[in-house]
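Enquirer:
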Amino acid sequence: MIEALVNLGWNPHIATFVALLLGVVACASFGLIWFTVIGLWLVRKVAARVQDRMGPNRVGPFGLFQVFADLGKMITKEDITPQGADKPIFNIAPLLAIAAVVLIWAVMPFAKTLIGADLSVGALYFISVASLGTLGVLLAGWSSNNKYALIGALRAVAALVSYEVPMVISILVPVLLAGTMSMNGIVEAQHIFYIFAVPLSAFVFFTSNLGETGRAPFDVIEAESELVAGYNIEYTGIKFGMFQAAEFVHSFTSCALMAVLFVGGWRGPGAELPGLAGALFGFIYFFSKSMVIYMLLLWIGNTVPRLRIDQMMAFNWKFLVPLQLVNLLAVAFVAKILQPNYEAVRATAESGSTLGNIYRVFGPEFIADLPRAIALLIVNVIILGGVGLMIRNSIRKERASVEANRAARPPYLGRRTPVEQPAVGD
Amino acid sequence: MQTVDWVQWLAFGILTLLTIGSALAVVIDRNIFHSALWLLVSLFGVAGLFVMLSAPFLAAVQVLVYMGAIVILIIFAIMLTRRLMGLTEALNTQWWVGGITAIVTFLVIAFVLFQAGQGANPILVREPIAALNGRGVEELGKALVDPAQYALPFELASVLLTAALIGSIVIAREDQ
Amino acid sequence: MNWFDVNNLLWLIPIPPLLAFAAIILGAGRNKTLSHVLAIGGIIISLLFAWLVVARGLAFPHLGHADGVFGSSITWLSNGTNGVGSGALRMGVFLDPLNHVMLFMVPLACFLIFIYSLGYMAHDPRNTRFFAYLSLFASAMLTLVVADNLLLLFVGWEVMGLCSYLLIGFWFEKESAYKAAIKAFMTTRVADVIFMIGIAYLWATTGTLNFREIMFNATTMQSLGSTPALGGIFGPTAAGVIGICIVVGTIGKSAQFPLHIWLPDAMEGPTPVSAMIHAATMVSAGIYLIIRMYPVLSAGGNPAEGIFTGPMVLMAVVGAFTALFAASIAFTMNDIKKVLAYSTISQLGFMMAALGIGAYTAAFFHLITHAFFKALLFLGSGSVIHAMEHGEHLAHDAAHGHDTGHEAVALASAEHGEASHPAEHGHAQEAHDAHGAHQDTVVAHSDFDPQDMRNMGGLFRKMPVTTWTFVIGGASLAGLPLITAGFWSKDEIFAEAWAAGTKNPLGLVVLIILALAAFCTALYTMRQLCMVFAGEPRSEAARYAQHYEPRTRANRNVSAQMTAPLIVLAFFAIVAGFGGINSGFWGLGAALKGIGIDAPFGHWVGQSLLAEPEHIAFNIGPVIISFGVFILGFLLGLELYFRRPVIAESDPIAEFMGPTWYRLISNKYYIEEAYKRYLVRPLTWVSEVLTPQLIDRGIIDRFLNFLAYAATQIGNFIRAFNTTIIDGVSDGIPEAIGDIARSARQIQNGRIQRYLLYSLIAAVFIGANVILVALASGDLVRAVWVIEALAVILLLIFFGPGRPAPTSGGAD
Amino acid sequence: MVPLTAFLIVAALLFCIGLYGALARRNAVSILMSVELMLNAVNLNLVAFWRFNTPAQDVGSGLPIGMSGQVFAVFVFVVAAAEAAVGLALIIAMYRSRQTVIAESADTLKF
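Residue numbers (my numbering), protein chains in the order written: chain A, -3 to 422; chain B, 230 to 405; chain C, 53 to 864; chain D, 98 to 208.
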């Protein structure tokens, strides 16, 4: 495309810019539009099924157009800007929130040739862009000039910033194994999907994404049934809709990222084909993987009870972060020792010997990656075992202390108000 | 070469305007919260300039560290001390001396640059190499952990961060 | 990678105590045993590493020559190009004969002191912290010794300064202790800043801080010795300025004359600290530094021909003066540790003076022997103090009508309860109130001072091991001929001074002063020995002084832990001297040469220099001096003190010297008072009285009043002619002057932004002037400078009309 | 390519604006923000010099490219982060003890 434009006599820089812009806009808006149409419907349907309801079924076939009805409602509602609000910031905040999510799609590899911009620092890019979302929340809460909004925002930001830590550390694992921060590079390096080699990292990434996107069981930020809405309490109409959309898209985005980083993105049989066919295959794989993960997310979100904020924080800082740090160290250690030797394996495969034929069946890269993956898996299992032991011990200890407390406590202390002793004597 | 130059100049101009304009707003705006937001924009402009200088890693880190962490920290601090946000007077009594000093400093720097440019100082007129062939990030990573280069300062930097972390917790902690 | 290669081993030497420090601080909590194990383990590993290195070094015959140096370095701060000598700062370690010998001595001394501390500090509640500090200190000292460049050396130097501060103030409940800590820290800081300037200048001149790169490079040394410093404005060469800065650093660290005041006060720390820091290692580090930097100090001169450079003259003068001065103070001190402290200052002065006249190996030889016998003396004095405290406790019990047995002790503590013996030495519980210090607590229930020699006497019957080792140490300090190490090293210095004296009168002066100082040394050593050990006990405490209960054998291991290091050190205090005997010495030298020991020390250490110093031939003169001063001092001391009880007011030495001199000397020549009077008080006066009262109120106000008064009078007088004009003047002038006065006060208003502004204005100002000088002609420059001066005045006026400073809350 | 001098001028402007802010603002948080601006100016300088003064022959060859400019910029980031954390902690501590964040009112350290 760039060449075509340059051939038309365009300035090469402008041509590059325009091509990138088009690519980014196309990719980014795709995520948004696709999701608002089908994703929202899916969310409602799954939630309904879990709760033994029907879900949307009136507007369009299977209620598919329910989204548009909602959208119409959002747009037509009155757009209020509170009088004491800091107007420019109040209006920018929803844009910032949605931009932070949408911009991530710019580096999302849909297929081998289908990516908005294959930045060499792609992983770092999406981390930094995602951190803008935090800012949007904070600005929204502050500019509303409402103390509930502010408190909600502070709470949300505390949670988001905290859960960013394990997320970033878990992203380091695929980056480390692939040796690149480019998103396409990470996908291409996954001859064995990383979820099989480093399931713990995948678990931490998934869990911290739940916290990061405010899905259950970490949805204290929103907690519709307990709080007034939180940081977006003063928002109405389309601006409120933008926050909602940002949040929904963010959760799907995190699933897509999970698919890219740990489940091999567009990889699958036929995805390496040249031209449109490969792109199509890759696209299909990418989306099916994302959708599977997304269904998992919905499943968890609709069944697991909500945590308190202190439990949420403790879970993050006392469990996820140390676990992932240990994991990262172990992975780095193993990855340093067992570096896959692609050349040697490839040469064997070319040689035509029996071993080479076996290699060719599985693919030489797969074979070359195998020892490392197995070692990593073993290490992960060992860590998991250690963690399990620790958890078991701590639970036991806690139980014992609870029992001891219960045994030691005089019965009347258990009551709300101490029973007054009747006066004796006089 | 001349044909593409104006595009770069355009980008440079926009980014400069963004950076300098919002930096000015940072120091002029009376509302400190707005100041912090302007700081954000200014830092974003600097990140853009980093991209122009083929340092995409630094640009990403700039966005991540400054905009994602430092500015949020600053905003938190503003909120925690917000009883004073309604300050009527943003500037102190010596603001105009400060202004003169800043201007004079700038003039001195500009003068030195101008002088050096006149003398065709080889450092200033050297052309950049065409492209780094995407090796920047990798090389940066290697330089940071290479014992012959910056491994030791790098480790020290992490110690510094830890010390700052502990120190700030100790300082800001409420006395028991 | 061979971990036991010397190049790698050197890195590992300082590490174990550092790890021990971290482990104790972070992990040991209040667990004494754990902290002991960690600290002793750390220092033992260091000792093993160091001695392994020493053994390897000995096997290498040409250690120290241009090709014979072990070590490795890594880039600390790269400047893009990473080669050697490119200006990049590199950190590294190396081994040459100089630090080879230090590596033998330092870990050994540290190790012995650690062992000793086990016993001495056994009952201190902050035991773990003490061992952590000691470990950190040992690590810093070893870092300093293995460093191959000034920067790393400076790191160790400063960490030691910190440890010194922490350890002097270890019993910070005592006011005197924490004040002494602050004093030590601040005094050495003064010197360190100048030292740092010297380092920076050296780096700016040569582009490297590596010792070998500077000193084994003849062209660098040549240019250092010949380039005029700072554009030739002040005269001396670059090497001279750098050298003086370094010598000033040493003056601070090694407590030489103008900055010596901190060391006696440092005796407030626990005795092992005094032994370790203030005798054996840290103060020696100052001397080690100038020995290490000797080529730079002497660059441009030729000591062998009697041509001394500026820094050397400074060293010779300061060193010789300090040697005599401190020695003379020492024989009026009654505190057992203060005597040793002044003796340390004096001996360091010996080394400094020796270096000043080019006696490179002799100074280093004395450094090593002194480290051994001074550590011995300090540890011995600690043992005495410990015993005295214990004795005081027993005496206390006896006075209450009990026996001195174990039963009595138990009864006594039961009777008085914990409150009356909060942290009694030997029977301490964990004291939670402030009194961790045993001296302190003893003082708390009586006015008895266990360190006062006037309370001692006759201790040789009570503690024979301590007595004998102490006597050996004292003999070594005094220079008992032929046997002790101190004699040989001192003799070596005299010989060098004698040789220098034939070429330069400075040498002769140094020789005479040092001989006098040596005489004083012998005298005060005799005084101390007699007062402490000879005669009859002069107090109850001395009568009961002992380490442990003979009957119950409690605390027996404490005693062992304290005496074992003494014995080891006593061994070295004698043997160390035989490394440096001149082969020309009658009989003995020849005999030793016969069995292959030919002043090995001098030859070995001399290899650290590019041009090995020539060894002076044997000369009868200095030997006679050595013998003479010792015998004189010994006899006089014997005459004055042996079997004579010394009571407070009639020290025999006082009769001997006459009251005026005695008063002068016993007040330490009023140095501290002079500092107080001529430095501290004037400054306080300026800030408290001069500025606010005299200038503000006295001069300006009065001047204003006078002006106003005069103007008013004149105004009244002329009002008849023209009221308006005169009124304007008479109001205007005082107001203007008052404004200036207020503006001057506004300069220091405590506001950070204002200070920032000042510094920035200054920076811009300097920058603009630099550009101006670079570009403009002379006349223009001068014209601009006049304008600038006016601008400064105007600026001062600008700051005036500010709000008057708030008067609440004390002086402004 | 835009010449080096242009970047340097921008950095100088940014620095001086930060300088002005550090000198003239009353709120301590503002001063901290101004300091961040100044640090950014320094970073811009470092990266610009790095970009224009990396020897061309290094890039083509397999040898390591000199990365000093970027490395120092990274260290400046580190220092900036540490400074922001400690600085803001100080401001909060000051707010807690004296109920103010005005830099001028913290002026008792003049004796």
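We treat Cβ as the ideally placed atom computed from N, Cα and C, and that holds for glycine.
Note that the structure is predicted; figures quoted are calculated from it, not measured.
1) Using a 10 Å radius around the Cβ and a threshold of 16 neighbouring Cβ atoms, would you call Arg49(A) buried or exposed?
2) Which whole runs of the alpha helix (DSSP H) in the stretch 126 to 194 of chain A are 4 residues long or more, in chain order?
3) Below 8 Å on the Cβ atoms is my guess for Val125(A) versus Ile100(A); work out the distance and round it to an integer in Å.
4) Residues of chain B with a CB under 8 Å from the CB of Met177(A): which are they?
5) Would you kindly check if the distance between the Cβ of Val562(C) and the Cβ of Ile388(C) is under 9 Å?
6) Helix, strand or coil for Pro367(A)? Go by DSSP, reduced to three states.
7) Is the beta carbon of Ile379(A) closer than 9 Å to that of Leu196(A)?
8) Within 10 angstroms of its Cβ, does Trp295(A) collect 16 or more other Cβ (buried), or is it exposed?
9) To the nearest angstrom, how far is it from the Cα of Ala327(C) to the Cα of Asn150(D)?
10) Output, in sequence order along the chain, the residues in the stretch 117 to 144 of chain A whose CB is closer than 8 Å to any CB in chain B.
11) Helix or strand or just coil, what does DSSP make of Arg142(C)?
12) I'd like to know whether the C-beta of Glu467(C) is nearer than 9 Å to at least one C-beta of chain B.
13) Give the straight-line distance between the Cα atoms of Ala252(D) and Ile307(B), rounded to the nearest whole angstrom.
14) Who are the neighbours of Leu809(C) on chain D, taking C-beta pairs under 7 Å?
15) Indicate, with yes or no, if the ligand ZN has a heavy atom lying under 8 Å from the CB of Leu150(A).
16) Just how far apart, CA to CA, sit Leu385(B) and Ile301(B)?
17) So for Asp244(C), helix, strand or coil by DSSP?
18) Counting only runs that start and end within the stretch 181 to 260 of chain C, where is the alpha helix (DSSP H) found for 4 or more residues in a row?
19) Excluding five sequence neighbours on each side, which residues of the same chain lie with their C-beta closer than 7 Å to the C-beta of Gly862(C)?
20) List, in order along the chain, the chain A residues whose C-beta lies closer than 7 Å to that of Phe335(B)?
21) Taking contact to mean at least 3 C-beta pairs separated by less than 8 Å, is the stretch 350 to 359 of chain C in contact with the stretch 190 to 203 of chain C?
22) In chain order, what residues of the same chain have a beta carbon less than 7 Å from the beta carbon of Asn142(D), not counting five sequence neighbours either side?
23) Report buried or exposed for Lys314(A), applying the criterion of at least 16 other Cβ atoms within 10 angstroms of its Cβ.
24) For chain B, check one thing: does any of its Cβ atoms lie closer than 9 Å to the Cβ of Ala181(D)?
25) Assuming Asn507(C) contacts Ser380(C) (C-beta within less than 8 Å), just tell me the rounded distance between them.
26) Please report the straight-line C-alpha distance between Gly112(A) and Arg193(D), rounded to a whole angstrom.
27) Just tell me which of Asn228(A), Ala331(A), Gln335(A), Gln47(A) has its CA closest to the CA of Lys143(A).
28) Is the Cβ of Ile381(C) closer than 9 Å to any Cβ of chain D?
29) Hey, would you say Val369(C) sits closer than 9 Å to Met273(C), going by beta carbons?
30) Which term fits Gln167(D), buried or exposed, when burial requires 16 or more other beta carbons within 10 angstroms of its beta carbon?
31) Going by C-alpha to C-alpha distance, which of Gln347(B), Ile303(B), Val275(B) sits closest to Asn124(D)?
32) If you pair each beta-carbon of the stretch 551 to 566 of chain C with each one of the stretch 435 to 447 of chain C, do three or more pairs fall below 8 Å?
33) Are there 16 or more other CB atoms within 10 angstroms of the CB of Arg806(C), so buried, or fewer, so exposed?
34) Suppose contacts are defined by Cβ-Cβ distances below 9 Å. Is Ala414(C) in contact with Ala161(C) by that definition?
35) 9 Å is my cut-off, CB to CB: does Ala203(D) come that close to chain B?
36) Using 10 angstroms around the beta-carbon of Gln399(C), count the other beta-carbons present and answer buried if the total reaches 16, otherwise exposed.
Expert: Looking at the coordinates:
1) exposed
2) 143 to 174, 179 to 184, 190 to 193
3) 6 Å
4) Val366
5) no
6) helix
7) yes
8) exposed
9) 56 Å
10) Val117, Leu120, Tyr121, Ile123, Ser124, Val125, Ser127, Leu128, Thr130, Leu131, Leu134, Leu135, Trp138
11) strand
12) With a pLDDT of 37 at Glu467(C), under the threshold of 50, the modelled position of that residue is not reliable, and the figure given next carries that caveat. No, Glu467(C) does not count as interfacial toward chain B.
13) For residue 252(D) there is no data in the structure shown, the boundaries of chain D being 98 and 208.
14) Leu120
15) With respect to the ligand ZN, the structure shown offers nothing to examine, as it has no ligands at all.
16) 25 Å
17) helix
18) 202 to 220, 227 to 258
19) Interpretation of Gly862(C) is limited by its pLDDT of 37, a score under 50 that renders its predicted location unreliable; the figure taken from the coordinates is listed afterwards. Nothing listed; no residue qualifies.
20) Per Cβ cutoff of 7 Å: no residues; Phe335(B) is ~30 Å from chain A at best.
21) no
22) Leu105, Ala108
23) exposed
24) yes
25) Actually they are not in contact, since the Cβ atoms of Asn507(C) and Ser380(C) sit about 24 Å apart, beyond 8 Å.
26) 49 Å
27) Asn228(A)
28) no
29) no
30) buried
31) Ile303(B)
32) no
33) buried
34) no
35) no
36) buried
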